[in-house]
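Asker: Below is the structure I would like to discuss, written out as structure tokens.
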Amino acid sequence: MDFNRLFHLSTKTHIAKRLHALLVVSGEAHNIFFSTRLVNLYANLGDIALSRQAFDLIPTKNIFSWNSMISSFVKNGCFQNAIHCYYQLLTTRVRPDFFTFPVVLKACGCLSDGKKIHSWVFKMGFCLDLFVAASLIHMYSRFALVGDARNVFDEMITRDLGSWNAMISGFCQNGKAAEALDVFREMCIEGVKMDSVTVSSILPVCAPLNDLVTGMLIHVYVIKHGLAFDVYVSNALLNMYAKFGSLELARKVFDQMLVRDLVSWNSLIAAYEQNHDPITALGYFIEMKQKGFQPDVLTLVSLASIVSQSGNVRNSRSVHCFIMKRGFIAEDIFVGNAVVDMYAKLGNIDYARKVFEAMDAKDVISWNSLITCYTQNSLASEAMEIYNTMRGREKIVPDQGTLVSILPAYSHVGALQQGMKIHGFTIKVGLQADIYVGTCLIDVYAKCGRLNDAMLLFGHVPRRSSVPWNAIIAGHGIHGHGEKSLYLFEQMQEEGVKPDHVTFVSVLSACSHAGLVDRGQQCFKLMRDKYFIEPGLKHYGCMVDLLGRAGQLEMAYEFIKNMHVRPDASVWGALLGACRIHGNVELGTIVSDRLFEVDSENVGYYVLLSNIYANVGKWEGVDKVRSLAKNRGLKKTPGWSSIEVNNRVDVFYTANRSHPQSEAIYKELKVLMDKMKNIGYVPDYSFVLQDVEEDEKEQILSSHSERLAIAYGIITTPPKATIHIFKNLRVCGDCHNATKYISKITEREIVVRDSNRFHHFKDGDCSCGDYW
DNA sequence: ATAGGGTTAG
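Residue numbers for the first sequence follow full-length UniProt numbering, so the first one is 1 and each next one is one higher.
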């Protein structure tokens with residue numbers, strides 16, 4: 001009986017079992033050669049239980065048997081068992097050898113017992129063995145101990161290709177691209193030729209180093225030496241081209257592959273997904289499934305992003321189900337985070353929250369994703385709440401992404417003191433020079449009325465990218481310092497920083513707030529002629545606002561008619577606002593018709609129109625708007641105002657009575673109202689759309705959120721202290737007027753930042769005059 | 001009969 005031949009033919013578990021039985025029958029089961037081969041055979045077929053059984057039945061085990069058992073465990077991912085088996089071996093009289101250590105070290109690399117083994121290996125003097133040394137280098141690298149890895153590498157007397165590869169990949173996988181290339185060059189100098197393993201380790205660092213040339217030279221080498229047939233090599237090439245955005249080349253590499261695996265498909269799908277082509281990516285996903293490949297976690301991460309990019313809410317649900325069915329959300333943090341992010345981008349906050357809650361393990365990115373979900377959907381209080389909960393978790397340390405996600409929430413509600421705390425934190429953890437964190441802080445300071453501090457910070461942030469410039473230009477803009485914005489814009493160009501579309505939004509709105517009509521028009525022209533940026537809706541909105549505020553209503557109207565994209569509600573809304581300022585009823589009526597075509601649900605626009613009619617005494621117009629508003633199911637964006645007192649941000653919603661100091665607030669408002677009326681305040685009821693009696697209208701006006709916040713400020717801060725208020729919508733015209741009176745009565749400066757700009761109230765007047 | 005170094009992510 002030729003058992004060797006039978007071993008060779010056993011390609012399925014049931015055949016292996018027959019062979020096993022045959023060995024028992026023919027009395028060969030105790031033969032140490034055959035029984036050890038059985039251990040390996042079962043392991044290679046993926047049946048670790050049978051492999052172990054076969055091992056246990058070996059009466060006197062030699063080092064071959066032990067090595068086979070340990071490596072069987074490792075091959076099947078049972079690292080703990082492998083190490084346990086190794087310790088068992090140490091209790092016997094059999095001694096481990098050169099073959100034992102590489103496998104054990106591999107198991108250690110996947111667990112956490114590295115140091116211990118290291119000292120042991122050195123004691124035994126086995127380190128001189130090439131295979132052991134390579135395993136050690138690899139293991140240290142896995143624990144991010146590249147220094148130790150390098151020491152082992154340097155102490156080696158002879159090196160083979162495997163040693164070089166282990167060191168290079170060790171550096172690559174720890175993000176030490178430059179060091180990796182150094183070792184690589186050293187290897188070339190010593191005349192060692194790279195193989196497919198070298199190539200697939202080194203290719204992934206080309207993109208982070210922004211070195212496409214090296215990547216392409218390696219590609220040439222690959223073709224010349226026939227390495228392209230290796231899946232690892234081709235996959236690495238595909239990924240490299242994808243990271244450089246060269247989709248055609250990535251696609252070409254994929255097309256020329258003879259064998260493709262799951263990684264190839266995942267890489268191709270991710271390539272298109274990350275270069276913002278979700279449609280093509282989805283096509284490849286479908287093709288991949290048709291070819292019989294089962295998607296894994298990485299496929300699903302891309303898929304989630306594909307769905308959110310294409311904005312398809314229905315698909316998002318089926319992706320969610322698909323992932324849930326396989327239990328991936330609980331198991332895999334990456335997938336869970338990707339799904340949270342998907343729902344966040346689709347604006348489905350409840351689902352994002354639910355998925356977040358359902359995750360077994362959460363890391364910083366999970367928290368960041370949820371915080372971003374809230375900030376991007378303008379829910380600052382919720383974002384702050386989540387951030388505070390996160391800070392309560394010991395194991396989670398905020399990173400750059402956390403700060404970038406929470407700071408906009410602070411800007412949004414004017415939480416200056418909270419923002420300053422983060423500023424301190426950035427200095428502590430060495431993030432003060434980060435462009436993105438720095439820019440968010442500039443925005444916080446600017447939006448909290450601290451322009452000087454914003455400028456100071458701007459001086460310390462690297463400014464070779466447009467990002468911090470955009471923030472500081474916009475910061476001056478909302479304070480009405482248009483000239484300063486334009487000056488910074490000039491300076492930016494002089495320093496050779498290229499403005500982007502965000503820059504122009506900042507510049508144009510700065511011009512419109514400061515009434516710089518000519519300069520604004522020049523900038524608009526510059527944007528297209530010099531920088532070849534096609535204006536978007538926001539740029540058009542700024543221009544309409546700019547012309548409209550300046551009284552050029554017809555010109556603004558013409559401007560809209562000549563737009564290259566369909567005007568949205570904000571563009572028409574800007575013109576309607578201008579009609580109100582300049583009391584143009586005829587154009588206002590026309591504009592409102594067009595406006596309600598694109599957005600008939602926003603109650604603010606009805607208020608604006610009713611206002612236009614009321615100002616010229618056209619009461620039938622007011623009635624018409626009122627019934628129009630009543631007949632349509634209006635979506636009312638809840639108005640809120642916030643104020644920060646003693647490190648705490650309080651948010652007031654209109655007519656809210658749930659605040660602990662509610663009673664005192666309403667009492668204060670009553671007192672104020674009487675005093676205001678005595679010195680000439682008359683409520684303007686055209687800001688109330690509800691069809692109710694006059695005294696009730698007065699009640700509605702004086703429970704607007706901005707007044708609640710101001711009253712709260714008055715009763716909680718020392719006399720004559722400046723009050724800072726933040727409102728999410730535009731300040732109501734009647735409240736604007738009332739605040740002037742309040743500033744006079746209380747002898748306080750009141751600073752109100754609304755969705756549009758800053759209003760400084762002082763001594764019965766406002767910095768913006770009667771604009772609101 | 002047994003051994004090292006490789007490609008994809010939020």
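Note that beta-carbon positions come from the ideal geometry of N, C-alpha and C, so glycine has one too.
Give the secondary structure of His460 by DSSP, where H, G and I count as helix, E and B as strand, and everything else as coil.
Answerer: Reduced to three states, the DSSP call for His460 is coil.
Asker: Using 8 angstroms as the threshold, is the stretch 708–720 in touch with the stretch 661–671, meaning 3 or more CB pairs across them?
Answerer: Judged by Cβ distances under 8 angstroms, the stretch 708–720 makes contact with the stretch 661–671, as three or more pairs qualify.
Asker: For a test of the three-state rule: what should DSSP assign to Asn239, helix, strand or coil?
Answerer: Reduced to three states, the DSSP call for Asn239 is helix.
Asker: Across the stretch 687–703 and the stretch 598–608, are there enough close Cβ pairs to call them in contact, namely three or more that are closer than 8 angstroms?
Answerer: Contact between the stretch 687–703 and the stretch 598–608 is present, because at least three Cβ pairs lie under 8 angstroms.
Asker: State the start and end residues of the unbroken alpha helix (DSSP H) segment that holds Arg648.
Answerer: It is not in any alpha helix (DSSP H) - Arg648 instead sits in the beta strand (DSSP E) that spans Arg648 to Tyr653.
Asker: Answer yes if the stretch 336–345 comes into contact with the stretch 303–318, meaning at least three C-beta pairs across the two stretches below 8 angstroms, and no otherwise.
Answerer: Flag = yes, the stretch 303–318 and the stretch 336–345 touch.
Asker: Just to check my reading of the structure: Val220 and Ser234 have Cβ atoms closer than 8 angstroms, yes? What is that Cβ distance to the nearest angstrom?
Answerer: Not confirmed; about 14 angstroms, so no contact.
Asker: In the structure shown, what three-state DSSP assignment does Val313 receive?
Answerer: Note: Val313 maps to helix in three-state DSSP.
Asker: Identify, in the order they occur along the chain, each residue of the same chain with its Cβ nearer than 6 angstroms to the Cβ of Tyr436, setting aside the five sequence neighbours on each side.
Answerer: Cβ within range, chain order: Val404.
Asker: Just how far apart, CA to CA, sit Gly680 and Asn737?
Answerer: Their Cα atoms are separated by approximately 11 angstroms.
Asker: Does any heavy atom of the ligand PLP sit closer than 7 angstroms to the C-beta of Asn266?
Answerer: The ligand content of the structure shown is nil, which means the ligand PLP is not present either.
Asker: Phe596 by DSSP, collapsed to three states: which one?
Answerer: Of the three classes helix, strand and coil, the one that applies to Phe596 here is helix, per DSSP.
Asker: How many Å lie between Glu179 and Leu105 at the Cα?
Answerer: So the alpha carbons of these two residues sit roughly 24 angstroms apart.
Asker: Whose CA, out of Val413, Ser411, Gly414 and Gly438, lies closest to the CA of Gly424?
Answerer: Ranking Val413, Ser411, Gly414 and Gly438 by Cα distance to Gly424 puts Gly438 first.
Asker: Suppose you measure from the CA of Thr60 to the CA of Ile32; what does that come to, to the nearest Å?
Answerer: Each residue's alpha carbon lies about 8 angstroms from the other.
Asker: I need the straight-line Cα distance from Gly27 to Asn4, nearest angstrom please.
Answerer: About 16 angstroms.
Asker: Under the three-state reduction of DSSP, which class applies to His219: helix, strand or coil?
Answerer: Here His219 sits in helix by DSSP.
Asker: Within its chain, find whatever has a CB closer than 6 angstroms to the CB of Arg753; leave out the 5 residues flanking it on each side and keep chain order.
Answerer: Phe726, listed in sequence order.
Asker: Alpha carbon to alpha carbon, what distance is there between Gly419 and Ala271?
Answerer: Cα-Cα distance, rounded: 37 angstroms.
Asker: Evaluate contact between the stretch 566–585 and the stretch 530–545, counting only Cβ atoms and requiring at least three cross-stretch pairs below 8 angstroms.
Answerer: Enough Cβ pairs lie closer than 8 angstroms, so yes.
Asker: At which residues does the beta strand (DSSP E) containing Ile406 begin and terminate?
Answerer: Segment Gln400 to Val413 is the alpha helix (DSSP H) holding Ile406; no beta strand (DSSP E) there.
Asker: Which residue marks the beginning of the alpha helix (DSSP H) containing Ile365, and which one marks its end?
Answerer: That run of the alpha helix (DSSP H) goes Val364 to Gln376.
Asker: Kindly confirm or deny that the stretch 487–495 and the stretch 756–771 touch, where touching means at least three C-beta pairs closer than 8 angstroms.
Answerer: The stretch 487–495 vs the stretch 756–771: no contact.
Asker: What are the boundary residues of the alpha helix (DSSP H) that includes Lys667?
Answerer: Per DSSP, Lys667 belongs to the alpha helix (DSSP H) from Ser662 to Asn678.
Asker: Work out the CA separation of Val319 and Met288 for me, nearest whole Å.
Answerer: Their backbone Cα atoms lie some 16 angstroms apart in a straight line.
Asker: Considering Cα atoms alone, identify which of Val74, Gly109, Ile70 and Val585 is closest to Leu90.
Answerer: Among Val74, Gly109, Ile70 and Val585, the Cα nearest to that of Leu90 belongs to Ile70.
Asker: Tell me the residue span of the beta strand (DSSP E) that contains Glu644.
Answerer: Taken as a continuous stretch (DSSP letters only), the beta strand (DSSP E) holding Glu644 covers Trp640 to Val645.
Asker: Does His736 come out as helix, strand or coil in the three-state DSSP assignment?
Answerer: Residue state, collapsed to three classes: helix.
Asker: What ranges does the alpha helix (DSSP H) occupy inside the UniProt repeat "PPR" (62–96), keeping only unbroken runs of at least 4 residues that lie completely in it?
Answerer: Correct list: 63–75 and 79–90.
Asker: Among Val364, Lys362, Phe356 and Cys373, which one has its Cα closest to the Cα of Lys345?
Answerer: Here the closest residue by C-alpha is Cys373.
Asker: Across the stretch 409–417 and the stretch 362–381, are there enough close Cβ pairs to call them in contact, namely three or more that are closer than 8 angstroms?
Answerer: With a cut-off of 8 angstroms, the stretch 362–381 and the stretch 409–417 count as touching, because enough Cβ pairs lie within range.
Asker: Among Thr402, Glu385 and Met384, which residue has its Cα nearest to the Cα of Asp363?
Answerer: If we check each option's Cα against that of Asp363, Thr402 comes out closest.
Asker: For Phe334, which residues in the same chain have their Cβ closer than 7 angstroms to its Cβ, ignoring the five residues on either side in sequence?
Answerer: Result list for Phe334: Val297 and Val301, in chain order.
Asker: Comparing C-alpha positions only, which one of Thr198, Val616 and Gly496 sits nearest to Arg463?
Answerer: Comparing Cα-Cα distances from Arg463 to each of Thr198, Val616 and Gly496, the minimum goes to Gly496.
Asker: Along the beta strand (DSSP E) that carries His724, what are the first and last residues, could you check?
Answerer: Taken as a continuous stretch (DSSP letters only), the beta strand (DSSP E) holding His724 covers Ile723 to Lys727.
Asker: Between Ile269 and Pro204, what straight-line distance do the alpha-carbon atoms span, to the nearest angstrom?
Answerer: Computed Cα separation, rounded: 17 angstroms.
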